[in-house]
Structures are given as structure tokens and as C-alpha cells.
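Participant: Here's a structure for you.
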Amino acid sequence: MIRKVKYWLLMSIIFGVVLSACATSPYNAFPGSERPDAEVAVVEGSSSIFPFLILIGAGTYENFNRIDGENISFKKTVRLLPGRHRLEFRHVTFLYALLQASGPIMEAYCLLDQDFQAGHHYMIQRYTFEKQGSETSTNKIYPATVDLKISSPNAVEIVTTPVICITGQGYYGIHFCKTDQECRYVVSPLWFSLFREHTQLPGRCAPQAGYEYGICEAALP
Numbered sequence: 008m009i010r011k012v013k014y015w016l017l018m019s020i021i022f023g024v025v026l027s028a029c030a031t032s033p034y035n036a037f038p039g040s041e042r043p044d045a046e047v048a049v050v051e052g053s054s055s056i057f058p059f060l061i062l063i064g065a066g067t068y069e070n071f072n073r074i075d076g077e078n079i080s081f082k083k084t085v086r087l088l089p090g091r092h093r094l095e096f097r098h099v100t101f102l103y104a105l106l107q108a109s110g111p112i113m114e115a116y117c118l119l120d121q122d123f124q125a126g127h128h129y130m131i132q133r134y135t136f137e138k139q140g141s142e143t144s145t146n147k148i149y150p151a152t153v154d155l156k157i158s159s160p161n162a163v164e165i166v167t168t169p170v171i172c173i174t175g176q177g178y179y180g181i182h183f184c185k186t187d188q189e190c191r192y193v194v195s196p197l198w199f200s201l202f203r204e205h206t207q208l209p210g211r212c213a214p215q216a217g218y219e220y221g222i223c224e225a226a227l228p
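Using my numbering, read the sequence shown as starting at 8 and increasing by one per residue.
In C-alpha cells, the structure reads:
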């Protein structure tokens with residue numbers, strides 16, 4: 008039993024190290040020199056490992072892909088000037104076995120649009136699906152929520168916050184939008200493969216009934 012417990016703990020440690028190594032330095036979403044945390048809002052995606060058995064488990068993580076319609080490169084932590092911002096992030100739940108990731112079992116690409124305050128730290132804690140109603144069944148966008156752990160100099164609280172999401176695998180060039188100018192291109196095929204060529208196609212913003220935002224998609228010829 009002791010040997011099994013040690014092996015189980017070793018698995019958790021190894022995957023924790025791997026996820027930490029994949030995390031990059033914080034992204035400053037403002038021009039000029041570095042600013043102290045008291046002058047900015049820090050927003051962080053989570054990384055979690057859940058061992059099921061000795062050799063099998065699952066994990067989750069979030070990476071930010073876009074800020075205010077501008078592309079960034081898969082950052083786990085972003086630093087923002089106080090005010091309202093649009094953050095697009097990718098949520099992934101994956102399985103692993105024998106020290107190898109077995110691939111995602113659920114992916115979602117989501118948009119968080121809200122006010123952020125200076126001197127506050129926001130961390131995504133939990134992602135929750137919300138079922139679509141029949142009246143929105145034709146939309147690709149659906150409503151969901153995230154739990155944000157918000158730490159300020161005087162308090163720490165968990166706030167359930169609405170987001171909108173798209174489900175599926177790999178969103179290369181697929182983003183939320185309000186205008187065609189925000190959809191410079193989309194990439195085909197939509198899933199990652201080392202053995203496929205990725206073609207950039209002109210994009211457009213496809214409106215979604217009942218939502219403020221649309222989705223970038225390939226423009227019709």
C-alpha cells in the first residue's frame with residue numbers, strides 16, 4: 008500500500024511539473040514599461056491534476072488566446088490595465104495514462120467580458136456548462152459560467168461569472184467577433200495535425216441570433 012501511494016503521488020508531481028513548465032511568463036496587455044501589481048489587474052487560468060487510479064487520471068487547464076480582439080500566444084496569465092476587457096480563453100479537460108497525455112476529452116473556447124480592477128487578482132476556478140434552450144439550438148454559441156476567485160487587498164471571494172462559449176476541438180482562427188475586421192482569417196482544417204497542411208482563408212463575422220457577439224468563419228467565395 009505504501010508503494011502504491013508513493014507512485015500515485017509521484018504521478019501528480021510529475022504532471023504538475025509538466026504543466027508548470029508549459030506555462031509562460033505573464034503577458035502585459037499594455038504598452039510601455041512593467042507596472043506593479045497594485046496598478047493592474049492580474050487574470051490567471053487554472054491548471055489541475057486529478058489522479059483516478061495509480062496510472063490514470065485527468066487534468067484541466069485554461070490559456071488566454073485573445074484580449075480585446077487582439078491575438079496573443081496562449082498565455083496562462085495576463086496583466087491588464089483597470090477597466091472593461093474582453094478575454095478569450097481555451098478550456099481543456101484531458102485524460103492521461105502512463106505519464107502520457109491521452110488527448111482532450113472536452114474542449115471549449117470561451118469569452119469573458121467584464122470590468123477588472125487594479126490591485127485585484129482573478130483566477131478561473133471552475134467551468135460549468137449550461138444547457139441550450141430549443142430557441143437557441145441553431146446557434147454555435149451557448150451560455151456558460153466560470154467561478155472566479157477574486158483576491159483584493161482586503162478580501163478573497165468566489166464569484167460565479169457568465170461567459171459565452173463554443174465547443175469542439177481546436178479553434179485555429181475561430182474567435183468571437185463583432186465586425187468582419189476582427190476576423191482576418193480562419194485556418195482549415197480546424198483540428199491540429201502534424202500531417203496536414205493548414206490553409207489560411209479569408210474570414211467574416213457570422214452573427215449569432217440572440218447574442219451580442221458573432222463567430223469568425225470562412226467567408227463565402
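We put the beta carbon where it would ideally sit given N, CA and C, even for glycine.
Return the first residue and the last residue of the beta strand (DSSP E) that G221 is part of.
Facilitator: Here residue 221 corresponds to residue number 214 of the sequence shown, with the count starting at 1. Element bounds for G221: 221-225.
Participant: Assuming S53 contacts Y68 (C-beta within less than 8 Å), just tell me the rounded distance between them.
Facilitator: Counting from 1 along the sequence shown, the entry for residue 53 is found at position 46. Counting from 1 along the sequence shown, the entry for residue 68 is found at position 61. Yes, they are in contact, since the Cβ atoms of S53 and Y68 sit about 7 Å apart, within 8 Å.
Participant: Counting C-beta neighbours from all protein chains within 10 Å, is the total for I165 16 or more, i.e. buried, or is it exposed?
Facilitator: The sequence position of residue 165 within the sequence shown is 158, counting from 1. Answer is exposed; the Cβ neighbour count stays below 16.
Participant: Where does P89 sit, in a helix, a strand or coil, going by DSSP?
Facilitator: For the purposes of this step, residue 89 is identified with residue 82 of the sequence shown, where counting begins at 1. The answer is coil: DSSP assigns P89 none of H, G, I, E or B.
Participant: What do you get for R7, buried or exposed, if any count of 16 or more other CB atoms within 10 angstroms of its CB means buried?
Facilitator: Coverage of the chain is limited to positions 8 through 228, which leaves residue 7 absent and any answer about it impossible.
Participant: According to DSSP, is D187 part of a helix, a strand, or is it coil?
Facilitator: Taking the sequence shown and counting its residues from 1, one reaches residue 187 at position 180. Helix at D187.
Participant: If you follow the beta strand (DSSP E) that E164 is in, where does it begin and where does it stop?
Facilitator: Within the sequence shown, residue 164 is the residue found at index 157, counting from 1. From DSSP, the beta strand (DSSP E) with E164 extends over 163-174.
Participant: Give the secondary structure of A216 by DSSP, where H, G and I count as helix, E and B as strand, and everything else as coil.
Facilitator: Looking up residue 216 in the sequence shown gives position 209. If DSSP states are grouped into helix, strand and coil, A216 belongs with coil.
Participant: Quick check: what's the CA-CA separation for D187 versus H128?
Facilitator: For the purposes of this step, residue 187 is taken as the residue at position 180 of the sequence shown. For the purposes of this step, residue 128 is taken as the residue at position 121 of the sequence shown. Distance between the alpha carbons of D187 and H128 is about 33 Å.
Participant: In the DSSP assignment, what residue or residues form a beta bridge with F37?
Facilitator: Taking the sequence shown and counting its residues from 1, one reaches residue 37 at position 30. According to DSSP, F37 bridges with nothing at all.
Participant: What's the call for L227, buried or exposed, on a 16-neighbour Cβ count within 10 Å?
Facilitator: For this step, residue 227 is matched to residue 220 along the sequence shown. When all chains shown are included, L227 counts as exposed.
Participant: Tell me the residue span of the beta strand (DSSP E) that contains R42.
Facilitator: On the sequence shown, residue 42 is found 35 positions in, with the first residue counted as 1. That residue, R42, is in no beta strand (DSSP E); it is neither H nor E in DSSP.
Participant: Where does N72 land, buried or exposed, given buried means 16+ other C-beta within 10 angstroms?
Facilitator: Taking the sequence shown and counting its residues from 1, one reaches residue 72 at position 65. When all chains shown are included, N72 counts as buried.
Participant: In the DSSP assignment, what are the bridge partners of F136?
Facilitator: Numbered from its first residue, the sequence shown carries residue 136 at position 129. F136 pairs with A151.
Participant: Considering Cα atoms alone, identify which of K185, F136, E95 is closest to Q215.
Facilitator: Within the sequence shown, the letter at position 208 stands for residue 215. For Q215, the nearest C-alpha among the options comes from K185.
Participant: Keeping to the same chain, check which residues put their C-beta closer than 7 Å to that of T167; ignore five residues upstream and five downstream.
Facilitator: Reading the sequence shown from its first residue, position 160 is the one you call residue 167. Contacts found: T152, D154.
Participant: In this structure, does DSSP put K156 in helix, strand or coil?
Facilitator: For the purposes of this step, residue 156 is identified with residue 149 of the sequence shown, where counting begins at 1. K156 falls in the strand class under three-state DSSP.
Participant: Can the beta-carbon of K156 be found closer than 8 Å to that of Q124?
Facilitator: Taking the first residue of the sequence shown as position 1, residue 156 is located at position 149. Taking the first residue of the sequence shown as position 1, residue 124 is located at position 117. Contact: no.
Participant: Y178 to R97, Cα distance in whole Å?
Facilitator: Against the sequence shown, residue 178 aligns to sequence position 171. Against the sequence shown, residue 97 aligns to sequence position 90. Below a pLDDT of 50, predicted positions are generally treated as unreliable, and Y178, at 47, falls in that range; no measurement from the model is reported.
Participant: Suppose the cutoff is 6 Å on Cβ atoms and the five residues either side in sequence are ignored; what does the same chain contact list for Y134 look like?
Facilitator: Reading the sequence shown from its first residue, position 127 is the one you call residue 134. For Y134, where only same-chain residues beyond five positions count, the Cβ hits under 6 Å are H98, V153.
Participant: Within its chain, find whatever has a CB closer than 7 Å to the CB of R191; leave out the 5 residues flanking it on each side and keep chain order.
Facilitator: What you label residue 191 is simply residue 184 of the sequence shown in a count that begins at 1. G210.
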